[in-house]
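A short worksheet on the structure shown next.
Numbering (this note's numbering), first residue to last: 187 to 836.
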């Protein structure tokens, strides 16, 4: 994995060399092994790259420039099965100058244009400059595993692996208040930084003399409801096993040491099992252990998986004090708020892995998205999609839902949630839950901020921008999965729990379960192969059974969460929250009424433990926003004063 910065301008002129070097220095953590800049002789483009050397250690330096001088590219990520593609291209007359997997992208583009890049397999963000056609092309992998951001500044288009590189190159650091009000930094392609957007998963963005153009080259396509019902259940299980094994085998290729993240759930445990069998040797497995609260600690389950596979087991003990000590630095890397400190824990984990001499880790991320592992998907199945399920089991589980939720779907839900339910003809559990949480957060808004963005309808905006062809005629659970994959998967899961916290410490995370061949296979399987009664990820669980200890095979989904700071009010993490929210940064934050926030903070000790736990994500987000504002010197583009004594008195 690596990092890059690129600039394209329609009118040739000089570039600010010092700013570009500063940008690369800012993302040095993504590529500590090499750094270089390439300038288009005509003055239209510049590409900069920092390299974390994984494959082709001796001659994989980037940018890679064609011998003809007409093409130059930088790549962040890994392109799997590149040896086969290289051989095919060489047979067609292509001459390679490096051993890097990245070079195949240059030759595929030369022969087939943008369509050639559809042959790529892996996690990647690619930036390519075509001198002859005077264009810059940005392409992001199908699931959004690798980040890519862009912005327009002073007539030029800037592209980078992280937002902080764009800011270092000169893009102004301003809050995007509309993106926060509409939650577009989670639901769409916006960020919290005004004018900075992300290239969406499976998409390309092109800058040329005509401006900026967008397109999609791949999307998730779930089986239609009217498709013939498959009958070969064992065949589907075996197909998943074969696809996962192939995906893992491709990701075992590296010229540097490799480890495995081991959470204690079936996903990472299965990855350890498959990788151990395919490699034929014991691997290093790293587990986060939350030492403050046993309810959040999965160490004993991770140890079972490690022992089952003869792995060298490393426990990374993390306390609330550790989380407090690393919170701000992890947040700087994340560039978006934390609502739980688990991202900070991942930051600490990746640092430990780096200190152990590793550069690459396999992870289990993605199984919940691909095989419907979250409880909210199971709830959708029971309420809206019970076909091919045992009616007695469904009735019992529905009763259990009604008894435990106590008003999960509140009547005061935002109007655009009701509107979405009408469009879809059913509810979406995760949207109900998120909308309720955001509604509680909005109660803390400043009055002028609430008034300015009244009626924004974030969920309607989200829904309107989707490709509805991939929703029509699909099962409710599959529609729920599609909506999640278009929002929280790339904009939260793969950021806070994936790339950003790993690359902060120069660690390349590989995610076999998000290989697009695995995803496409899973998409075509019926809902009842993913959720069966109270069992989530059914087909994946059965496919991986031989790789799992029995206790893990039978284990239910357990969310990866750090213990709430609000439940340990003498700990340093909670003290950090109090100190930040009682400080001056909250007063200048453009979103929230400081008096309301501090009143909530002061009332917190009198609340029940359950209520305190529910408020923890809100306080984590508020703390994050304050620290982001301070660390990035973010300012509001709103010309009105952010806070006044009169408003506080009111």
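For each residue, glycine too, the CB sits at the ideal point set by N, CA and C.
Pairing residue 519 with residue 530 gives a Cβ-Cβ distance that is not under 7 Å.
A residue is called buried when at least 16 other Cβ atoms come within 10 angstroms of its Cβ; residue 293 meets this threshold and is buried. Collapsing the DSSP output to three states places residue 776 in coil. Scanning 357, 563, 319 for the CA closest to the CA of residue 337 turns up 357. In this model, residue 254 and residue 671 are separated by some 40 Å (Cα to Cα).
The Cβ atoms of residue 532 and residue 687 sit closer than 7 Å to each other. Within the model, the alpha-carbon separation for residue 201 versus residue 263 is close to 27 Å.
In this structure, the straight-line span from the alpha carbon of residue 204 to that of residue 210 is close to 10 Å. Nearest Cα to residue 295 within the set 582, 283, 325, 719: 325.
Scanning the segment 688-762 from its first residue to its last, the whole beta strand (DSSP E) runs of 3-plus residues come out as 694-696. The criterion of a C-beta distance shorter than 7 Å is satisfied by residue 213 and residue 351.
A direct Cα-Cα distance of roughly 45 Å separates residue 234 from residue 564. Shown here for residue 662: same chain residues with a beta carbon closer than 6 Å to its own, the five before and five after excluded, namely 566, 570, 571, 612 in chain order. In the structure shown, residue 409 falls within a coil segment according to DSSP collapsed to helix, strand and coil.
In the DSSP annotation of this structure, the continuous segment of the beta strand (DSSP E) that includes residue 224 starts and ends at 220-225. In the structure shown, the three-state DSSP call for residue 280 is coil. Under the DSSP definition of a beta bridge, residue 258 partners with 251, 315.
By DSSP's assignment, residue 501 forms a beta bridge with 473.
Judged by DSSP secondary structure, residue 605 falls within the alpha helix (DSSP H) whose first and last residues are 601-610. By the neighbour-count criterion, in which 16 or more other beta carbons inside 10 Å mark a residue as buried, residue 243 falls on the exposed side. Restricted to the segment 476-560, the beta strand (DSSP E) segments that are unbroken, complete and at least 3 residues in length are 498-504, 546-548, listed in chain order. Under the criterion of beta carbons closer than 8 Å, residue 777 and residue 632 qualify as touching, at roughly 7 Å. In the three-state DSSP reduction, residue 666 falls in the helix class (H, G or I). Here the alpha carbons of residue 664 and residue 418 stand approximately 20 Å from one another.
DSSP places residue 401 in the uninterrupted beta strand (DSSP E) bounded by 397-402.
Where residue 796 is concerned, the enclosing alpha helix (DSSP H) starts and stops at 795-818.
Inclusion of residue 717 and residue 556 in the CB contact set at 7 Å is not warranted, their separation being larger than that value.
Per DSSP, the continuous alpha helix (DSSP H) segment holding residue 622 begins and ends at 615-628.
Spatial neighbours of residue 765 in its own chain (CB-CB distance under 6 Å, excluding positions within 5 residues in sequence) are not present.
According to the DSSP secondary-structure assignment, residue 562 is paired through a beta bridge with no residue. Restricting attention to alpha helix (DSSP H) runs no shorter than 4 residues, the segment 328-357 encloses them at 349-354, ordered along the chain. Taking a contact as a CB-CB distance under 8 Å, the pair residue 745 and residue 727 does not count as one, their CB atoms being some 17 Å apart. Residue 369: not part of any alpha helix (DSSP H); DSSP gives it neither H nor E. Residue 514 has its alpha-carbon roughly 36 Å from the corresponding atom of residue 436. Here residue 639 carries a coil assignment [DSSP, helix/strand/coil]. It is roughly 9 Å from the alpha-carbon of residue 733 to the alpha-carbon of residue 457.
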